[in-house]
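**Student:** Residue numbers (the UniProt record's numbering), protein chains in the order written: chain Z, 1 to 351; chain S, 1 to 614. Cβ atoms here follow ideal geometry from the backbone N, Cα and C, with glycine treated the same way. Predicted model only: the values in this text are computed from it and were never measured.
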Amino acid sequence: MKRWQFVKRLAPLMALLVLVLSACGREDMSALNPQGPVAQEQLNLMKISITMMSLVVIVVFAICIFVLIKFRRRKGDNTIPKQVEGSHKLEVIWTVIPIIILVILAVPTLKSVFNLSKDYSKDPEALQVIVTAHQYWWEFEYPELGITTAQELVVPTDRVISIQAATADVLHSFWIPSLAGKIDTNPSGNVNKMYFSAPKAGVYLGKCAELCGTSHGLMDFKVKAVEPSSFERWGVAMTGAVELPTDPDVASAFESKCLTCHAIGQDGSESIYPNLTGIGSRESVGGILINVEEGEKEYKHEDTLYNNLYNWIKDPEAYKPGNKMTNAYTLTDEEAKGIAEYLSNLTLDFE
Amino acid sequence: MDWLTTVDHKKIGILYLIAGGFFFLVGGLEAILIRIQLMFPQKEVVTAQFYNELITMHGTTMIFLAAMPIIFALMNAIIPLQLGARDVAFPFLNALGFWTFFFGGLLLNVSFIAGSVPDAGWTMYAPLSGTQFTQHHGTDYYVIGLQIAGIGTLIGGINFLATIINMRAPGMTFMRMPMFTWASFITSALILFAFPALTVGLAALMFDRLFSGNFFNPQTGGNVVLWEHIFWIFGHPEVYILILPAFGIISEVISTFSRKRLFGYSSMVFATILIGFLGFMVWAHHMFTTGLGPVANALFSVATMLIAVPTGIKIFNWLFTMWGGSIRFTVANLYAIGFVPTFVMGGVTGVMLSAAPADYQYHDSYFVVAHFHYVIVGGLIMGIFAGLHYWWPKMFGRMLSEKLGKVTFWIFYIGFHLTFFVQHFLGLLGMQRRVWQYLDGMGFNNMNFISTIGALMMGVGTILFLINIVITLRKPKDCSNDPWEDGRTLEWTIASPAPEYNFAQTPLVRGYDAWWHEKMEGNTAMTPVEPIGPIHMPNASILPFVMGIGLFITGFGFMYSGEWGTLGFITVGHAVGIVGLLITFGCMGLRSLIDDHGFHIEEDEILKDQGVKS
Chain Z
1 MKRWQFVKRL APLMALLVLV LSACGREDMS ALNPQGPVAQ EQLNLMKISI
51 TMMSLVVIVV FAICIFVLIK FRRRKGDNTI PKQVEGSHKL EVIWTVIPII
101 ILVILAVPTL KSVFNLSKDY SKDPEALQVI VTAHQYWWEF EYPELGITTA
151 QELVVPTDRV ISIQAATADV LHSFWIPSLA GKIDTNPSGN VNKMYFSAPK
201 AGVYLGKCAE LCGTSHGLMD FKVKAVEPSS FERWGVAMTG AVELPTDPDV
251 ASAFESKCLT CHAIGQDGSE SIYPNLTGIG SRESVGGILI NVEEGEKEYK
301 HEDTLYNNLY NWIKDPEAYK PGNKMTNAYT LTDEEAKGIA EYLSNLTLDF
351 E
Chain S
1 MDWLTTVDHK KIGILYLIAG GFFFLVGGLE AILIRIQLMF PQKEVVTAQF
51 YNELITMHGT TMIFLAAMPI IFALMNAIIP LQLGARDVAF PFLNALGFWT
101 FFFGGLLLNV SFIAGSVPDA GWTMYAPLSG TQFTQHHGTD YYVIGLQIAG
151 IGTLIGGINF LATIINMRAP GMTFMRMPMF TWASFITSAL ILFAFPALTV
201 GLAALMFDRL FSGNFFNPQT GGNVVLWEHI FWIFGHPEVY ILILPAFGII
251 SEVISTFSRK RLFGYSSMVF ATILIGFLGF MVWAHHMFTT GLGPVANALF
301 SVATMLIAVP TGIKIFNWLF TMWGGSIRFT VANLYAIGFV PTFVMGGVTG
351 VMLSAAPADY QYHDSYFVVA HFHYVIVGGL IMGIFAGLHY WWPKMFGRML
401 SEKLGKVTFW IFYIGFHLTF FVQHFLGLLG MQRRVWQYLD GMGFNNMNFI
451 STIGALMMGV GTILFLINIV ITLRKPKDCS NDPWEDGRTL EWTIASPAPE
501 YNFAQTPLVR GYDAWWHEKM EGNTAMTPVE PIGPIHMPNA SILPFVMGIG
551 LFITGFGFMY SGEWGTLGFI TVGHAVGIVG LLITFGCMGL RSLIDDHGFH
601 IEEDEILKDQ GVKS
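(1) Give the residues from the UniProt domain "Cytochrome c" (235 to 347) of chain Z that approach chain S closer than 7 angstroms (Cβ to any Cβ), ordered along the chain.
(2) Can you name the residues of chain S whose CB is closer than 7 angstroms to the CB of Val-67 (chain Z)?
(3) Within 10 Å of its beta-carbon, does Pro-34 (chain Z) have 16 or more other beta-carbons around it, so buried, or fewer, so exposed?
(4) Does the stretch 144 to 152 of chain Z come within contact of the stretch 322 to 337 of chain Z, defined as at least 3 CB pairs closer than 8 angstroms?
(5) Are any of the Cβ atoms in chain S nearer than 8 angstroms to that of Glu-144 (chain Z)?
(6) Taking the alpha-carbon of Val-292 (chain Z) as reference, which of Z:Lys-300, Z:Ser-281, Z:Thr-304 and Z:Tyr-299 has the nearest alpha-carbon?
(7) Quick check: the Cα distance between Thr-311 (chain S) and Gly-346 (chain S), rounded to an integer number of angstroms?
(8) Any Cβ of chain Z within less than 8 angstroms of the Cβ of Gly-557 (chain S)?
(9) Using beta carbons (cut-off 8 angstroms, strictly below), is Val-60 (chain Z) in contact with chain S?
(10) If you count every other CB in all the chains shown that lies within 10 Å of the CB of Thr-79 (chain Z), and 16 or more means buried, which is it?
(11) Check Lys-75 (chain Z) in the structure and name its three-state DSSP category.
(12) Take Glu-228 (chain S) as the anchor and find which of S:Pro-534, S:Ala-284 and S:Val-295 has the nearest alpha-carbon.
(13) Tell me the rounded alpha-carbon separation between Val-110 (chain S) and Gly-86 (chain Z).
(14) What is the rounded straight-line gap between the Cα of Val-223 (chain Z) and the Cα of Ala-197 (chain S)?
(15) The ligand SAM and Phe-320 (chain S): does the residue's C-beta get closer than 7 angstroms to at least one heavy atom of that ligand?
(16) Could you tell me the alpha carbon to alpha carbon distance between Leu-543 (chain S) and Ser-188 (chain S), rounded to whole angstroms?
(17) Identify the residues that DSSP records as bridge partners of Lys-224 (chain Z): which are they?
(18) With distances taken Cα to Cα, identify the nearest neighbour of Ile-176 (chain Z) among Z:Val-170, Z:Asn-190, Z:Val-191 and Z:Ala-198.
(19) In whole angstroms, give me the CA-to-CA distance for Tyr-512 (chain S) and Leu-74 (chain S).
(20) Nearest-angstrom Cα distance between Met-62 (chain S) and Phe-23 (chain S)?
(21) Determine, using beta carbons only, whether Arg-26 (chain Z) comes closer than 8 angstroms to chain S.
(22) For the stretch 297 to 340 of chain S, list the alpha helix (DSSP H) runs that are entirely contained and at least 4 residues long, ordered along the chain.
(23) Quickly, what does DSSP pair Gln-128 (chain Z) with across the bridge? List them, please.
(24) Can you find the residues in the same chain that come closer than 6 angstroms, C-beta to C-beta, to Leu-242 (chain S), ignoring five residues on each side of it along the sequence?
(25) Taking only three categories from DSSP, how would you classify Phe-196 (chain Z)?
(26) Buried or exposed, going by whether 16 or more other CB atoms sit within 10 Å of the CB of Asp-87 (chain S)?
(27) Would you kindly check if the distance between the Cβ of Gln-83 (chain Z) and the Cβ of Lys-314 (chain S) is under 8 angstroms?
(28) Does any residue of chain S bring its CB to less than 8 angstroms from the CB of Asp-349 (chain Z)?
(29) Would you give the residue range spanned by the beta strand (DSSP E) that Gly-181 (chain Z) belongs to?
(30) If we count the other Cβ atoms within 10 Å of its Cβ and call it buried at 16 or more, is His-536 (chain S) buried or exposed?
(31) So Met-559 (chain S) packs on Thr-584 (chain S), CB below 8 angstroms; how close in whole Å?
(32) At 4 residues or longer, and completely inside the stretch 298 to 347 of chain Z: list those alpha helix (DSSP H) runs for me, N to C.
(33) For the candidate residues S:Asn-223, S:Ile-158 and S:Ala-162, whose alpha-carbon lies nearest to that of Leu-192 (chain S)?
(34) Would you say Asp-28 (chain Z) and Tyr-299 (chain Z) are within 8 angstroms of each other, going by their C-beta atoms?
(35) Ignore the nearest five residues each way along the sequence and tell me which others in Ser-258 (chain S)'s own chain have a CB closer than 7 angstroms to its CB.
(36) Taking all protein chains shown into account, decide if Met-520 (chain S) is buried (16 or more other Cβ within 10 angstroms of its Cβ) or exposed.
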């Protein structure tokens with residue numbers, strides 16, 4: 001009798017735990033706090049499995065504790081317990097019950113597998129994005145808009161985003177916990193597809209989930225969901241012309257040292273390194289140096305936009321070991337300051 | 001010198017234990033360094049490069065050089081005794097298996113001294129592990145070291161298969177075999193099928209690296225997903241290769257210390273076989289995010305879930321073995337009892353992971369790290385500790401300290417749960433695995449700190465266990481045949497430690513739990529099936545050791561053939577490699593040309609042993 005009371009008391013506790021878990025972690029980053037339908041569907045599946053599995057755990061723990069207390073050997077007790085061979089009835093029961101539990105779990109799993117593998121890559125309603133992973137940054141191409149950008153995936157809140165992902169070098173994995181699960185990026189023509197949507201405007205954190213080298217853990221990106229009208233303005237702003245620095249020394253340094261790899265403005269689609277257009281409007285530099293206002297710096301990786309740019313340009317190795325930018329150029333301090341100043345003013349007005 | 005030439009399965013078991021224990025400490029030290037680096041956000045205790053080396057070597061070392069050898073140690077030390085056999089089927093091969101494992105592992109760890117350590121993760125996914133993205137010799141150490149060590153494992157597996165099939169005592173049918181032997185039998189079968197896959201994969205990767213092959217290089221038409229398949233076709237059965245013997249140990253320990261027959265023996269055997277079979281069918285659940293498509297993901301999802309059924313059967317059988325028993329809380333049994341709920345927790349997260357769409361979230365996050373440490377540490381390592389405490393008297397003739405053992409257990413157990421339980425949540429909150437740093441303000445700080453404290457506690461637990469061993473080694477060898485008093489199987493009928501020939505007379509097995517059966521009938525010894533007579537034993541040999549050295553030299557030579565230059569028209573590296581191969585093949589030649597009939601232990605010597613003991 002007592003055992004059942006124990007279970008009765010624990011069951012609401014577990015239910016509560018599931019509820020608490022579902023509101024856990026940062027809104028922009030937690031799989032337990034989904035902000036879009038895809039992540040929501042995944043969390044629902046998690047909840048089903050967590051509930052079932054908690055039940056299993058409770059039953060096993062209860063039997064285990066009961067057995068250990070009831071059947072421990074008392075001092076001086078030297079009786080020989082009955083040598084039981086087994087019990088067909090019991091064994092059938094604990095074979096059949098797990099099968100039933102698994103069927104209950106398998107049905108929504110299968111439904112979800114096919115649901116989440118829908119192909120939107122030919123759908124004119126969906127926003128097409130080609131994701132290319134690099135050591136250690138992300139490239140986002142919008143073929144319909146003729147835009148290529150980096151590190152920040154700007155999407156409208158009213159459409160499904162159809163992702164086609166591949167890599168330019170080693171395996172990476174594209175992951176936005178609060179919006180969708182992950183998909184690996186494979187090389188050599190093997191394009192993986194996924195989709196998600198972000199109905200709530202906001203900035204969501206994305207990560208690389210597959211070991212890809214020294215700075216694997218620092219290969220972050222952001223997904224910025226904006227109103228449809230803002231998205232349209234962003235598209236226009238991204239394709240506009242960009243002026244070079246006014247100071248001729250800075251301009252020539254920028255052209256000869258930076259633009260050899262990076263691109264800016266319209267011609268950006270061809271470059272093999274991050275497009276810098278609108279870098280002043282991004283949330284971060286290099287994905288990990290978060291831009292904040294002066295005096296609001298709270299953590300080590302936060303600083304003003306200008307400082308982040310300057311620090312990054314001076315010594316990228318200190319922030320992302322093993323990146324391809326280190327030692328690719330030499331800049332005087334004046335030039336670095338000028339370029340950081342110029343880039344920090346390279347903003348897009350679209351929100 | 002005796003230890004370098006021995007072909008005695010008990011001594012080889014001890015060698016495996018020492019070598020595996022050493023690598024366990026190395027892997028543990030790597031783990032502690034990893035956790036110290038992650039104790040606080042954005043720390044630089046170790047560099048990003050060294051961090052990747054640490055995670056790679058920690059995984060590789062723990063799986064191949066610590067867990068498997070310690071299991072092999074127990075299998076070697078105990079299986080022939082449980083079977084009532086005098087040795088394994090191929091004693092010479094047994095020694096060869098140990099020495100190739102040892103020199104392979106040594107080669108892998110020499111990389112730390114050589115300064116180019118494997119750093120592409122223990123899964124070595126291409127193309128990161130290829131020549132384009134790993135220009136140093138790290139991957140070479142991995143592919144060559146593991147190939148040499150893998151020979152040892154494969155030899156060991158075949159040896160146990162042959163031993164178990166052919167050398168059971170009269171009356172010991174398959175359905176009277178102790179559960180540990182059964183589990184080891186299935187494990188050996190898994191080794192037989194899984195390790196060749198690894199060998200092929202490693203050879204292909206070696207060809208890519210050393211001779212510019214094109215198996216896994218996408219730029220020349222190679223396929224990186226192919227490596228993932230090959231690796232996991234080996235890698236998934238591998239986790240069952242690890243856990244099945246632990247299941248066997250738990251069955252023995254729980255039944256002994258409950259003073260009760262194992263509940264549902266035949267369903268236990270059936271479940272073991274089924275787990276072994278399903279273990280081969282589900283490798284692609286490691287690849288749900290690789291992009292195999294919905295049909296493959298659906299199939300592998302369901303197939304993976306099915307494994308929960310035989311595993312559940314086992315769990316409930318253990319619980320009902322204790323039910324109605326008379327449970328004694330020895331250290332060995334503490335580990336076994338601690339194993340059950342821990343493994344259930346690891347198992348249910350396994351079922352959660354098998355739901356592919358949810359796995360898109362869990363995959364490569366700390367949730368996975370938590371899951372597999374729950375099954376491998378909470379399952380396998382607990383099993384190993386249980387087994388070591390249980391069979392220590394049989395292996396060394398001395399009892400480990402129970403008092404210190406209990407302290408060790410609690411520190412290790414609490415430390416383990418502290419380390420890994422919170423990692424489930426870290427993963428769900430968005431922390432991916434194998435990260436060198438995490439940013440501040442993400443909500444990861446506290447849980448990572450707790451996790452590191454737990455890891456340090458596990459470290460303390462391990463040190464206490466070592467102290468226990470040292471203390472025990474100074475005690476006299478005075479164990480009785482059946483020191484737990486409730487021994488059920490044949491190993492408890494002979495002296496502790498077992499004499500060189502194990503059984504003076506081969507015993508007659510008259511039922512399951514043969515020794516218990518005899519005890520219940522009031523007998524004080526097994527009924528022998530033969531008179532005492534001279535026992536034929538194999539001669540010791542240095543050849544296995546030399547063959548291991550030969551392969552070790554070969555590995556080095558081929559690895560550095562690019563750097564060591566040429567001497568005339570031959571590259572120095574290749575010459576060294578060929579010399580190494582000649583040593584190994586030369587030994588094989590010697591072995592097949594020289595007749596070695598072994599020797600006999602004479603009757604009077606056996607009688608003398610018996611006299612001393614009785």
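**Tutor:** Per the coordinate set shown:
(1) So the list reads Ile-288, Glu-298, Tyr-299, Lys-300, His-301, Pro-321 and Gly-322, given in the order they occur along the chain.
(2) Per Cβ cutoff of 7 angstroms: Leu-319, Met-322 and Trp-323.
(3) Flag for Pro-34 (chain Z) reads buried.
(4) No, because fewer than three Cβ pairs between the stretch 144 to 152 of chain Z and the stretch 322 to 337 of chain Z fall closer than 8 angstroms, the two stretches do not touch.
(5) With its beta carbon at least 8 angstroms from every one in chain S, Glu-144 (chain Z) lies outside the interface.
(6) Ranking Z:Lys-300, Z:Ser-281, Z:Thr-304 and Z:Tyr-299 by Cα distance to Val-292 (chain Z) puts Z:Thr-304 first.
(7) Going from the Cα of Thr-311 (chain S) to the Cα of Gly-346 (chain S) covers about 11 angstroms.
(8) No, Gly-557 (chain S) lies away from the interface with chain Z (no Cβ there is under 8 angstroms from its Cβ).
(9) Taking Cβ atoms only, chain S reaches closer than 8 angstroms to Val-60 (chain Z), which makes this a yes.
(10) Looking at its Cβ environment, which holds fewer than 16 other Cβ atoms inside 10 Å, Thr-79 (chain Z) is exposed.
(11) Lys-75 (chain Z) carries a coil assignment under DSSP once its states are collapsed to helix, strand and coil.
(12) That would be S:Ala-284, whose Cα lies nearest to the Cα of Glu-228 (chain S).
(13) When rounded, the separation of the alpha-carbon atoms in Val-110 (chain S) and Gly-86 (chain Z) is 51 angstroms.
(14) Near 41 angstroms, if we compare the C-alpha coordinates of Ala-197 (chain S) and Val-223 (chain Z).
(15) Of the ligands one can find in the structure shown there are none, so the ligand SAM has no counterpart to examine.
(16) Leu-543 (chain S) and Ser-188 (chain S): Cα-Cα distance of roughly 25 angstroms.
(17) According to DSSP, which records beta bridges pairwise, Lys-224 (chain Z) is partnered with Z:Val-154 and Z:Val-203.
(18) The residue with the shortest Cα to Cα distance from Ile-176 (chain Z) is Z:Ala-198.
(19) Linking Tyr-512 (chain S) to Leu-74 (chain S) through their CA atoms gives a straight-line distance of about 21 angstroms.
(20) Rounded to whole angstroms, Met-62 (chain S) and Phe-23 (chain S) show a C-alpha spacing of 7 angstroms.
(21) Residue contact check for Arg-26 (chain Z) against chain S: a CB pair falls below 8 angstroms.
(22) The DSSP assignment places 308 to 322 as complete runs of the alpha helix (DSSP H) inside the stretch 297 to 340 of chain S, in order along the chain (cut-off: 4 residues).
(23) In the DSSP output, where bridge partners are listed per residue, Gln-128 (chain Z) has Z:Ser-162.
(24) Closer than 6 angstroms at the Cβ level, and outside the excluded window around Leu-242 (chain S), lie Ala-67 and Leu-380.
(25) Strand at Phe-196 (chain Z).
(26) Around the beta carbon of Asp-87 (chain S), 16 or more other beta carbons sit within 10 angstroms, so the residue counts as buried.
(27) In this structure, Gln-83 (chain Z) does not lie closer than 8 angstroms to Lys-314 (chain S) by Cβ.
(28) Contact with chain S is absent for Asp-349 (chain Z), since none of that chain's Cβ atoms lies less than 8 angstroms from the residue's Cβ.
(29) Gly-181 (chain Z) -> beta strand (DSSP E) spans 180 to 185.
(30) Per the 10 Å Cβ criterion, exposed.
(31) No, Met-559 (chain S) and Thr-584 (chain S) are not in contact; Cβ-Cβ is about 16 angstroms, not under 8 angstroms.
(32) Annotation note: the stretch 298 to 347 of chain Z contains the following uninterrupted alpha helix (DSSP H) runs of length 4 or greater, listed N- to C-terminal: 305 to 314, 316 to 319 and 333 to 344.
(33) Looking only at S:Asn-223, S:Ile-158 and S:Ala-162, the smallest Cα-Cα distance to Leu-192 (chain S) is reached by S:Ile-158.
(34) For Asp-28 (chain Z) and Tyr-299 (chain Z), no; Cβs fall outside 8 angstroms.
(35) Here Ser-258 (chain S) has Thr-321, Met-322, Gly-325, Ser-326 and Ile-327 as same chain residues with Cβ atoms under 7 angstroms from its own Cβ, once five neighbours each way along the sequence are excluded.
(36) By the neighbour-count criterion, in which 16 or more other beta carbons inside 10 Å mark a residue as buried, Met-520 (chain S) falls on the exposed side.
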